[in-house]
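Here is the structure we will look at, set down as C-alpha cells.
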Amino acid sequence: MPLFGREAELKALAGLIDGLRERGGVLIEGEAGIGKSALVAAAVSVASGAGLRVLTTTGVAAEQNLAYAGLHQLLYPVRAGMDALPARQRAALRTALGLAGPPEPGARAGDPSESSAQPGNTTAADDTTGAGDTTGGGVYVVGLATLTLLAEVAADRPLLVVAEDAHWLDRASADVLAFVARRIESEPIVMIAALREGEPSPLREAGLPVMTAGRLSGQAAAELLDSTAPGLAPAARERILEQAAGNPLALIELPGVTADQGGLGPTAPLGERLERAFTARVAALPLPARTALLVAALNESESVAETLAATHLILRARPLTDSGPTASPEVSPAPTSGMEAVLVPEVQAELEILAPAVEARLVEICGGLVRFGHPLMRSAIAAAAELGERRRAHLALAETLREHPDRRAWHRAAATAGPDEEVAAELDRAAAGARRRGAVAAAVAALEQAARLSEEREGKALRLLRAAELAVESGSRDTAERLVRDARELGLSPRRRATAAWLLSGFEDGVREDVSRVPELARLAGSIAAEGHVEPAVRILWGAAMRCFWSEPGQAARRLVLSVADGLPLPAGDPRVVAITAYAGPFERGATVLDGLRELAGAAGADPEVDRYLGSAALQVGAFDLAGRLSAAAAPGLRAQGRLGLLPRALAVQSWSLARLGDLATAVPAAEEAARLAEETGQPFMFGLATAVQAEIAALRGENEQARALADQAERVALPAGARPVLATVQLARGLAAMSEGRFDDAYADLSRILDPSDPAFQLGLRAYFLAELAEAALRAGRAAAMRDVLRDLEPLAASSPSPALHIGLRYARAVLAPGEVAEELFAAALRADLSGWPAERARLHLAFGEWLRRRRRAVESRLHLRTARSPSTRWAWPPGASGRGRSCVARASRAPAATRTRGTGSPRTS
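Take any residue in the sequence shown, count from 1 to its spot, add 28: that is its number in our numbering.
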C-alpha cells in the first residue's frame, strides 16, 4: 500500500540513507497509529535496496522489566561477531544477553540492620549488590561492546539499526541504544528509532534529530480511506474521516467497525475506538485462536513455539465453550484430576490454531515468530481479557518458561493476586541477576514487585528500601522518593525511618538539613553498631561525615563522628573508615588518613567503590595527586556498573583535584561530565560543585567572562542551602579571574572569604588549600601584613597535619612574603620538597623565584628558573597572578643564546 501524504518524510529518510557517509540517524515521533511503523518499513525497504544490512528491535510492553531483552533481539543475528570483541567487552555483552552464565555472586546484599542476609530478606543500605557484586559490565561497557560489534558489522556492509516502539524497550536496552546513537557519526551506521509522542525514553537525549509524523491532511486522509474502503456510503465515509481526524490506522480500521456494527456508535477517544475495533475482530474468532492471541499478547517473546506450548496447557485444562471460560482451573503439566467439565479431546496446539487470527489481519507468522499487526492490538487484547483469563495465560507461560527463571518469575508474579513469599523470592533472584548485568532499573522493578508479594510487613519494607537504594545509586530520584514513601507508609521502626531518611538525603548529602543531624546520625550509627549491625552503621556514619564536608557542624559534632568511627569493629585501614575520618578530621587525623591512603592506593582499580572512598578522602587531606589518580580509577568501574548516582561524585573529585594540579586537559572533560550527570541524576550540589570547577578552569585559561558566568550559576545553586565547598570554589574562581585582570584588591577580598568562619564560603578543609593564590593576591594588593597573620593562624594545622597541599602552600607563601636573604633560603627549601606529583606548584615556585632573582639583577640564574616554569614537562597553565613582567621574563629567558644559558646553572647564590 502506498503511503499517502508522507512525501516529505519519505524524501528525508531516503536522503538519510543515501547520504550514509554523513552518518547519523533520526527519531520518528508521533501518536499511536500515526504511521511511524509504515515510515520505518519504507526506510528499511530503501536501505535493503541500497545494499545496507538491517538490524531491528521492537519494544514490547511485556518486556520492559527484562533487562537487555530489546538488545538481545537486535544483536542476535550478528551474535557470532561477539567472539572477536575485546575480552572485557565480550564477557559483558554475553552476560547481558544471557548467552553466558555469570559466576555465582558472593554474599547477597544485607538489609540496613542485619550483618548478614537470607534470600528474600535483603534490602537497602549495605548494598553489596551495588558494590562489588557486578559480574556483568553495566550499560556503559555493554554499550561500548555493542558499538564495537556494530562497527565491525558495518565495516563489511553499511548498517541500518532500527528501534521500533522504542518507548517500550527495557531501560537497559534503551540506554545502550542511546549510548550508540551518540557515537555513530564516525561509523557507516544509520539509526532510526520510532517513539510514541509524549513517552519518555533515553533516546530522546541521544542527540538524534526528530521527525514528527503528524496527522494526514484532509486530501491525503480521503485518498487513504478510498483506497482501503472504496465502497463506503457517503455519510459513513464523512463520519469516518471526521472521527479518524487524519490518523492512518483509524482510517484503515474504523471502516470495519462500521461494517460489522452498523455504525461507529457514540464518539469516544480515538485510542478507545481503535481498541474497540481490534477486540471486535478478536471476539469473532474461535476459542483456541482467542486463547493463543491472549498468550501471545502477554508473552514478552514473539516465539510461536512458546505461544503454542502455553496455549496447549490452557486448552487441555479448560471447558470447551465458545463464550469464554466457565471456571478457573490452575494450569498444570497434566489435566487436573476430578475436573467436572468436558475437556477438549486430543487438542494439539498446532500452528493452525492461529490461522483465523492471521486471516483477520491481527497477527502474521514469519520465521517462527508471531507478530501483531500493530502494538495497539497487543495491548487491546490483553486489556479486554478477563482477570481469570489473563491469570491462566500467565501461569501457562510460567510453566512453559521453566528454563528462563527471570521471565518465569514475572509471569508467576502477574498471576499472583495476594502475598506469596515463594514468588517474591524468585523476583529477588531476578533482581540480583539484573543487578549483576548492570541493569539497575530492572532490578528496582523486580524488588518493587517482590515487595508487593511479601507476606510480612517487615519483608515488604526491606525490599522497598533496598530498591530505593539502588534507585539512589542509579540517580533515579523520583523512583527513590516514591519507594521510600511507600516503605514509610508501612510503619517503620525508628531505625528503619532513619535509614529511609538517610537514603533520600544521599541526593543532597543532607545539605538542606539542620547541622544538628550530624550528631544525631553519629549517635544512631553508634547504637546500630553496638547491636552488631556494622555495615548499616558504617553507611549512616558516612552520611554524617559527608555533612561535615557540605556544611559546618562544629568541632563537637566532628569529634563525635570520629569517636564513633574509632569504635567500629573494623580494621583501621578499612577504606570507609579512612574516608569518614578524612571528612570529619582532615587536619586532626591527617597523618592517619595519609598513612591509610598510601597503603591502600597500590590496589587502585580493583574496586571502584573503594577507589571512590579513597579519592574523596585524599581530597579532604590535600593529597590532590592521590585524589586525582584514585578518582580516575573509580570512574570506569562506576560507569561499567551503571552507578550513575556515584559517578559524578568521582568525576567532581577528579576534576577539582586536577584543576588544582594544573592538568586542565584532563580536568575539563571530567568536570563537564560530572556536571551533566549530576544534573541528570538530580544532585544539585554536585552539579554546583562541578560547575564551580568549570569556572575555576575558565579563570585559569583567562576566559574571565565565562568564569564569572559559571561562578554565578554555581552560586545560585549553592547559596540558598549553604553548600560550602561549592561556594569556596566559586570564590576561588572569582579570585583567579580578578588576578588575571590585575584587580588584586578584589582578588584578595574574594579569596580571603574562604578563611572567614562567618562566611558561607568557609570550608574547614578547603580553606587551607588556596594559600598560594591568596599570597600572590596579598603581595600585589599590598596586604602582605594581613597575609602573614593568616599564615600564623594556619601554622598550628601544619604542625599537626602532613597535608601536602597545606605544606606546599605554606612554603610558597612564606617564600614570597619573606624579606631579603631569608626569601632565597625559603625558595630553595620549597624547591627541595618532593613536588613530583605537583607540576603546577613546581612551576609556580620556579616562576616566583625567577622573578625574585631577576629583580635582584641575577639574570643568568633567573633564566634557569623561568625556563623551567615554562617547561612542557610541567603541563602548567600560566598562573593568573603572573605579572606581565614575569611572562616577558620567561619569554626572554626562552630566547636567550645557548652560551648565555649555560652559565650560572648551579644552585642559587646568595645576593
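The beta carbon of each residue, even a glycine, is placed where N, CA and C say it ideally should be.
Asked                                                                                                                                                                                             : Found
Going by the beta-carbon positions, is the gap between D537 and M574 smaller than 8 Å?                                                                                                            : yes
Between L253 and L279, is the Cβ-Cβ spacing less than 8 Å?                                                                                                                                        : yes
Would you tell me roughly how many angstroms separate the C-alpha atoms of A467 and A202, rounded to the nearest one?                                                                             : 11 Å
Kindly confirm or deny that the stretch 827-843 and the stretch 760-768 touch, where touching means at least three C-beta pairs closer than 8 Å.                                                  : no
Is it the case that the Cβ atoms of R440 and A426 are separated by a distance below 8 Å?                                                                                                          : yes
At which residue ranges does the stretch 208-282 contain complete alpha helix (DSSP H) runs of 4 or more residues, listed in the order of the chain?                                              : 246-256, 262-272
Can you give me the Cβ contacts of A443 inside the same chain, cut-off strictly under 6 Å, excluding the 5 residues immediately before and after it?                                              : R419, H422, L423
State the Cα-Cα distance for the pair L674 and R107, rounded to the nearest angstrom.                                                                                                             : 32 Å
Output needed for L322: all residues of its chain with C-beta closer than 8 Å, excluding positions within five of it in sequence on either side, in chain order.                                  : I409, A410, A413, E417, R418, A421
At which residues does the beta strand (DSSP E) containing L188 begin and terminate?                                                                                                              : 187-192
Return the Cβ separation of A702 and A723 in integer angstroms, given the expectation that the two are a contact with Cβ distance under 8 Å.                                                      : Incorrect: roughly 13 Å between the Cβ atoms, too far for contact.
Could you tell me which uninterrupted alpha helix (DSSP H) segments, each at least 4 residues in length, are contained entirely in the stretch 41-121, listed from first to last along the chain? : 64-77, 97-103
Where does L397 fall in DSSP's three states?                                                                                                                                                      : strand
Contact defined as beta carbons within less than 8 Å: I believe A593 pairs with T609. What is the distance between those atoms, to the nearest angstrom?                                          : 6 Å
Pull up the CB-CB distance for A458 and A469, whole angstroms please, since I reckon it's below 8 Å.                                                                                              : Rounded, the Cβ-Cβ distance is 13 Å, inconsistent with contact.
Please report the distance separating the alpha-carbon of L549 from that of E616.                                                                                                                 : 21 Å
Could you tell me if Y941 is buried or exposed, where buried requires 16 or more neighbouring beta carbons within 10 angstroms of its beta carbon?                                                : Here the chain comprises residues numbered 29 to 939, so residue 941 is not present and cannot be evaluated.
Can you list, in chain order, the residues of its chain whose CB lies under 6 Å from that of Q791, leaving out five sequence neighbours each side?                                                : R752, P753, A756
Helix, strand or coil for V638? Go by DSSP, reduced to three states.                                                                                                                              : helix
Within a Cβ cutoff of 7 Å, which residues of the same chain sit near C576, ignoring the five residues on either side of it in sequence?                                                           : V546, R586, V589, Y611, A612
As a quick exercise: from G43, A95, G770, pick the residue whose alpha carbon is nearest that of R464.                                                                                            : A95
Restricting to runs no shorter than 4 residues, where is the alpha helix (DSSP H) found entirely within the stretch 454-523?                                                                      : 468-481, 485-501, 505-516
Use the C-beta contact count for P697: other C-beta atoms within 10 angstroms, 16 or more gives buried, fewer gives exposed.                                                                      : exposed
Taking Cβ positions, are Q682 and G656 nearer each other than 8 Å?                                                                                                                                : yes
Tell me, which residues are paired with E392 by DSSP?                                                                                                                                             : R399
With a threshold of 16 other CB atoms inside 10 Å of the CB of E743, please say whether the residue is buried or exposed.                                                                         : buried
Please classify E35: is it buried, with 16 or more other beta-carbons within 10 angstroms of its beta-carbon, or exposed?                                                                         : exposed
Do A668 and V169 come within 8 Å of each other at the CB atom, strictly closer than that value?                                                                                                   : yes
Mind reading off the beta-carbon distance from L231 to L223? Whole number of angstroms is fine, and I expect it under 8 Å.                                                                        : 7 Å
How should L490 be labelled, buried or exposed, when 16 other C-beta atoms within 10 angstroms of its C-beta is the threshold for buried?                                                         : buried
Going straight from the alpha carbon of D506 to that of L172, what length do you get?                                                                                                             : 28 Å
Leaving out the 5 sequence neighbours to the left and right, which residues in its chain are closer than 6 Å to A809 when beta-carbon positions are compared?                                     : F772, D773, Y776
Helix, strand or coil for S329, going by three-state DSSP, please let me know.                                                                                                                    : coil
Inspect the beta-carbon positions of E192 and T86 and report whether they are closer than 8 Å.                                                                                                    : yes
Are the CB atoms of A607 and S644 within a distance shorter than 8 Å?                                                                                                                             : yes
Can you grab the Cα-Cα spacing for the pair V181 / L44, in whole Å?                                                                                                                               : 19 Å
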